[in-house]
Amino acid sequence: MNLSAAMISEPQLLHWNLANADRGALGRLPPGDIRDLVRSNEALPPMPALAKRLWSLRDDDRISAQGLAEVILLDPFLSTQILRRANSAFYGAVQPIETVQDAVTRLGFSVALELALALAALSPLRTPNRGPIGRDRLWQHGLRCGILMQELARQRRSAFQLPPGVIQLSGITHDIGYLLLGHLLPEQFQLVSRLIEANPALSLPTIDRFALGVEHTQLGEWLYDAWDMPAPLLLVARHHHNAAYEGDDEQLVLLTGLADALLEQSGLGLGGQSPSGDQQQFADRLGLDATVCAQALERAAVVTL
Numbered sequence: 002m003n004l005s006a007a008m009i010s011e012p013q014l015l016h017w018n019l020a021n022a023d024r025g026a027l028g029r030l031p032p033g034d035i036r037d038l039v040r041s042n043e044a045l046p047p048m049p050a051l052a053k054r055l056w057s058l059r060d061d062d063r064i065s066a067q068g069l070a071e072v073i074l075l076d077p078f079l080s081t082q083i084l085r086r087a088n089s090a091f092y093g094a095v096q097p098i099e100t101v102q103d104a105v106t107r108l109g110f111s112v113a114l115e116l117a118l119a120l121a122a123l124s125p126l127r128t129p130n131r132g133p134i135g136r137d138r139l140w141q142h143g144l145r146c147g148i149l150m151q152e153l154a155r156q157r158r159s160a161f162q163l164p165p166g167v168i169q170l171s172g173i174t175h176d177i178g179y180l181l182l183g184h185l186l187p188e189q190f191q192l193v194s195r196l197i198e199a200n201p202a203l204s205l206p207t208i209d210r211f212a213l214g215v216e217h218t219q220l221g222e223w224l225y226d227a228w229d230m231p232a233p234l235l236l237v238a239r240h241h242h243n244a245a246y247e248g249d250d251e252q253l254v255l256l257t258g259l260a261d262a263l264l265e266q267s268g269l270g271l272g273g274q275s276p277s278g279d280q281q282q283f284a285d286r287l288g289l290d291a292t293v294c295a296q297a298l299e300r301a302a303v304v305t306l
């Protein structure tokens, strides 16, 4: 698929922004065509078998930490990442953990399961590693978003009835739409990446709509719908930029949105700028004041990932 933005030279791209970009030169797919592509069995990677197995464990009351560890050990990369997280300062690591079963115990069954599930679900999406929405940046941002969400929830334990594992999974995967974009439409992915770098004062949804006609939040929703994923993840993916969202899993959606906005404001986001009013609205609706948000952000920002 030819993307006419490729005709723009690299020096020109350094000064290319939404004010001077030629809409007609973008050659973007209509939103309906993008959705059809997402729904196509030929284009969309299937939900990995390991992710399906991990998902089934969420409803299995008989599974133990050892049983979960045995499933995680089926994938060397998964095992390495679980060990790495268990040995991070955020989880109170003092003595190094060397076995996956001990890692599951330290993290807690729910957190370990949801982290493994996120890793397994993201694995088939072949997205470039570099750039503001590349795999490396998305993974780091998602992890930190999950950590910040947990810190915010701890400030008002009685008000937040959300399991830590669910919070973490939502934080890690809320921007999965960008991973799907890189997998299915690599040229458009590069275009959006360059527009983000050239327009740091604009929100990500604004750039998405200009370049694609749809937002990354819609792409995430369509992917989760195609994979038949649970409604909470779908709603978080679709509405985490919507501070006025009301509906099912509202608290989880708003918590994800607040953490995402706080990270963007502090320079730990993906490069866009959330409207300041959105951040305040997210916080107000969750009953969190500026001091609580600042303290949680300070703790989350220094965690080594």
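Quick note on the working numbering: the sequence shown kicks off at 2 and runs consecutively. By construction, the Cβ of each residue, glycine as well, lies at the ideal position given by its N, Cα and C atoms.
For His217, which residues from the same chain have a beta carbon less than 6 Å from its beta carbon, with the 5 sequence-adjacent residues on both sides left out?
-> Gly178, Tyr179, Asp209
When the Cα atoms are used, what is the spatial distance from Asn88 to Ala202?
-> 36 Å
Run of the alpha helix (DSSP H) containing Trp223, from where it starts to where it stops | 217-227
Near Leu255, what residues of its chain come up, given a Cβ to Cβ distance below 8 Å and the 5 sequence neighbours on each side ignored?
-> Ala244, Tyr246, Phe283, Arg286, Leu287
CA-to-CA distance, Gln191 to Thr305, given in whole angstroms | 28 Å
Reducing DSSP to helix, strand and coil, say where Ala302 ends up.
-> Correct three-state label for Ala302: helix.
Which of helix, strand or coil does DSSP assign to Gln96?
-> coil
Please report how far the alpha carbon of Cys146 lies from the alpha carbon of Leu264, in whole angstroms.
-> 7 Å
Cβ-based burial, Pro133 [other Cβ within 10 Å; buried from 16] = buried
Take the Cβ of Ser171 as the centre, count every other Cβ of all protein chains shown within 10 Å, and call the residue buried at 16 or more, exposed below.
-> buried
Do the CB positions of His184 and Arg127 come within less than 9 Å of each other?
-> yes
Quick one: what does DSSP say Gly68 is sitting in, helix, strand or coil?
-> helix
When we look at the beta-carbon of Phe78 and count the other beta-carbons within 10 Å, is it buried (16 or more) or exposed?
-> Exposed, by the Cβ-count rule.
If you run the structure through DSSP and keep just helix, strand and coil, what is Thr128?
-> Looking at Thr128 - three-state DSSP - the assignment turns out to be coil, as it is neither helix nor strand.
Euclidean distance between Cα positions of Arg63 and Asp37 | 40 Å
Assign Gly77 to one of three DSSP states: helix, strand, or coil.
-> The displayed chain sequence assigns Pro, not Gly, to residue 77. It is helical.
Report the rounded CA-to-CA distance for Leu259 versus Arg300, giving the unit in angstroms.
-> 15 Å
Take the Cβ of Ala297 as the centre, count every other Cβ of all protein chains shown within 10 Å, and call the residue buried at 16 or more, exposed below.
-> With a 10 Å radius around the Cβ and a threshold of 16 neighbouring Cβ atoms, Ala297 comes out buried.
Gln296 by DSSP, collapsed to three states: which one?
-> helix
Candidates Gln189, Gln169, Asp226, Leu224: closest to Ala212 by CA position = Gln189
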